[in-house]
Amino acid sequence: MNSKFMLAALEQARRAADMGEIPVGAVIVKNGEIIAAAHNMREKKQNALSHAETETINIACKKLNSWRLDECEMYVTLEPCPMCAGALINARIKTLVFGAYDKAMGSID
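So the sequence shown is numbered by this note's numbering: it starts at 201 and just counts up by one.
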């Protein structure tokens, strides 16, 4: 795990907390560089799909002009829920690193 990428995800989580969101942040990395960063936005957008992972995937897809993120890694502060795990699989994210297990909604363990 590269700690600088997890620290960037934690900074996104802090931004979410400052906005009154559930404090989860994520970054997507390609070739050792962060290409997308986001955090939970469900309250602000009033959209149940606006999790940190899906927001970050959307940004990366736009930046790369492709839905295939097969050379990318995601660093996220909390274990992804089933919806986000599916999004990671569909986006072809090759590596996932998460900071903490989510006993309530996590889908990896």
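Heads up, the beta-carbon is just placed ideally off N, CA and C, and yes, glycines get one too.
Item: Would a C-beta distance cut-off of 8 Å place residue 256 and residue 213 closer than the cut-off?; Value: no
Item: Would you kindly check if the distance between the Cβ of residue 215 and the Cβ of residue 239 is under 8 Å?; Value: yes
Item: Count the other C-beta atoms from every protein chain shown that fall within 10 angstroms of the C-beta of residue 253, then say buried if there are 16 or more, exposed otherwise.; Value: buried
Item: Flag this pair as yes or no: are the beta carbons of residue 274 and residue 249 separated by less than 8 Å?; Value: no
Item: Keeping to the same chain, check which residues put their C-beta closer than 6 Å to that of residue 302; ignore five residues upstream and five downstream.; Value: 278 and 279
Item: Apart from the five residues on each side of it in sequence, which residues of its chain come closer than 7 Å, Cβ to Cβ, to residue 233?; Value: none
Item: Which whole-angstrom value is the C-beta distance of residue 272 and residue 293, which I expect to be below 8 Å?; Value: 6 Å
Item: Terminal residues of the continuous beta strand (DSSP E) containing residue 295?; Value: 295-298
Item: Which whole-angstrom value is the C-beta distance of residue 222 and residue 228, which I expect to be below 8 Å?; Value: With a Cβ gap of about 19 Å, residue 222 and residue 228 do not count as contacting.
Item: Report all residues from its chain with a CB closer than 6 Å to the CB of residue 230; omit the five preceding and five following residues, and keep chain order.; Value: 271 and 272
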